[in-house]
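Colleague: Taking the working numbering, the leading residue of the sequence shown gets 5, the next gets one more, and so forth. Take a look at this one; I'll ask things after.
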Amino acid sequence: SLSAPFQGADGDSLQDALEQALAKAQGLVRLALRTDDEISLRDPLGLQSLASLPGSSELLWLLDRLQCASEVSIHLPRRFAWLGAENAGMRNDVDISYKLVVFPHRELVSDFVRARGVPYCNESILRAVQRLARRLQQQGARRVRVVEVGANLGDCTIWAAKRLLAVPSLQSIQVVALEASPLAASLLRQSVQLNELAGIVQVLNVAAGPRGSSGSF
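Here is the structure:
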């Protein structure tokens, strides 16, 4: 937080600068979407007109970033079917809901989750977790430990933890997520806290390999 208004180089406050930027953006949009018949037929959305105006690239960038939510709610009811990363098809056998923290900019997994509201997971992996959960339930198992190598943002990790929590006999659930990217690991840790899974999911910012070593990422 700021204890005093921010002052720009020309003495304007941050509030003044924001108001000027918003006024300019509003003016650009009005110009781009004016109701001239010829322009409307040629460019019905006004995007070409907008792109040709001074300052339009910054406005388009801002509008795009506003679409990049940093938190996505995922709700997958029982029997709900969707397509994941493999496009092979997946169907839930229990209700699973959680929130996922994603990158606040354009990125493959983040965009997929934002657009579809489902995990970006290989369906074969999710089905393997389903089979494991059913087997554990049939056996009345009390403990389970699952390790995901290359967890990325954790959409599969959180899903797996939620699925295992639906097994009533389990008293101890450990889901270990290995992720080499510090940024992705940090976002995954936020998702773990957001879903109150700190006692179940452990995030390690490491890479997996055949032998111990170190390197930069």
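Even for Gly, the Cβ is constructed at its ideal location relative to N, Cα and C. Remember, it's a predicted structure, so these values are computed and weren't measured experimentally.
Measure the C-alpha to C-alpha separation of TRP182 and LEU112 and round it to an integer number of angstroms.
Modeller: With the sequence shown as reference, residue 182 is identified as Leu, and Trp is not the correct amino acid for it. Near 19 Å, if we compare the C-alpha coordinates of LEU112 and LEU182.
Colleague: What are the uninterrupted segments assigned as beta strand (DSSP E) that are 3 or more residues long and contained completely in the segment 126-154, given in chain order?
Modeller: DSSP runs (the beta strand (DSSP E)) wholly in the segment 126-154: 147-153.
Colleague: Based on DSSP bridge pairs, tell me the residues matched to GLN178.
Modeller: Its beta-bridge partners are ARG149.
Colleague: Take ALA188 and list the residues in its own chain whose beta-carbon comes closer than 7 Å to its own, dropping the five residues that flank it on each side.
Modeller: Excluding residues within five positions, the ones whose Cβ falls inside 7 Å are ASN156 and LEU157.
Colleague: Output needed for LEU191: all residues of its chain with C-beta closer than 8 Å, excluding positions within five of it in sequence on either side, in chain order.
Modeller: So the qualifying residues of the chain are VAL105, VAL106, PHE107, LEU157 and GLY158.
Colleague: Name the two residues that bound the continuous beta strand (DSSP E) containing LEU208.
Modeller: Here the beta strand (DSSP E) through LEU208 covers 205-208.
Colleague: Nearest-angstrom Cα distance between GLY154 and GLY216?
Modeller: Distance between the alpha carbons of GLY154 and GLY216 is about 17 Å.
Colleague: Counting along the chain, where does the beta strand (DSSP E) carrying SER101 start and finish?
Modeller: Where SER101 is concerned, the enclosing beta strand (DSSP E) stretches over 100-105.
Colleague: Mark SER195 as exposed unless 16 or more other C-beta atoms lie within 10 angstroms of its C-beta, in which case mark it buried.
Modeller: SER195 is buried by the Cβ-count criterion.
Colleague: Where ALA27 and HIS109 are concerned, what is the direct C-alpha to C-alpha distance, given to the nearest angstrom?
Modeller: In a straight line, the C-alpha of ALA27 is about 25 Å away from that of HIS109.
Colleague: DSSP three-state call for VAL196: helix, strand or coil?
Modeller: In this structure, VAL196 counts as helix in the three-state DSSP scheme.
Colleague: Contact defined as beta carbons within less than 8 Å: I believe VAL122 pairs with GLY88. What is the distance between those atoms, to the nearest angstrom?
Modeller: Their Cβ separation, rounded to whole angstroms, is 7 Å, which keeps VAL122 and GLY88 in contact under 8 Å.
Colleague: By how many angstroms is the C-alpha of SER218 removed from the C-alpha of LEU136?
Modeller: If I take the Cα positions, the gap works out to 33 Å.
Colleague: Pull up the distance between the alpha-carbon of SER101 and that of GLN71, whole angstroms please.
Modeller: Answer to the nearest angstrom: the Cα atoms are 22 Å apart.
Colleague: My output table needs one value for VAL76: the three-state DSSP class, helix, strand or coil.
Modeller: VAL76 falls in the strand class under three-state DSSP.
Colleague: Quick one: grab the DSSP three-state call for ALA85.
Modeller: Here ALA85 sits in strand by DSSP.
Colleague: Which residues mark the beginning and the end of the alpha helix (DSSP H) in which LEU169 is found?
Modeller: Per DSSP, LEU169 belongs to the alpha helix (DSSP H) from 159-169.
Colleague: Express the C-alpha separation of VAL98 and ARG69 in angstroms, rounding to a whole number.
Modeller: Rounded to whole angstroms, ARG69 to VAL98 spans 34 Å at the Cα level.
Colleague: Taking the DSSP output, what are the residues bridged to ARG95?
Modeller: The partner list for ARG95 (beta bridge, DSSP) reads ALA85.
Colleague: Let me know the secondary structure DSSP gives VAL113 once reduced to three states.
Modeller: Three-state DSSP puts VAL113 in a helix.
Colleague: What does the alpha-carbon distance come out to for the pair SER7 and ASP20?
Modeller: Residue placement at SER7 is poorly supported in this model, since its pLDDT is 36, which falls under 50; the coordinates still yield a value, given next. One C-alpha to the other measures close to 17 Å.
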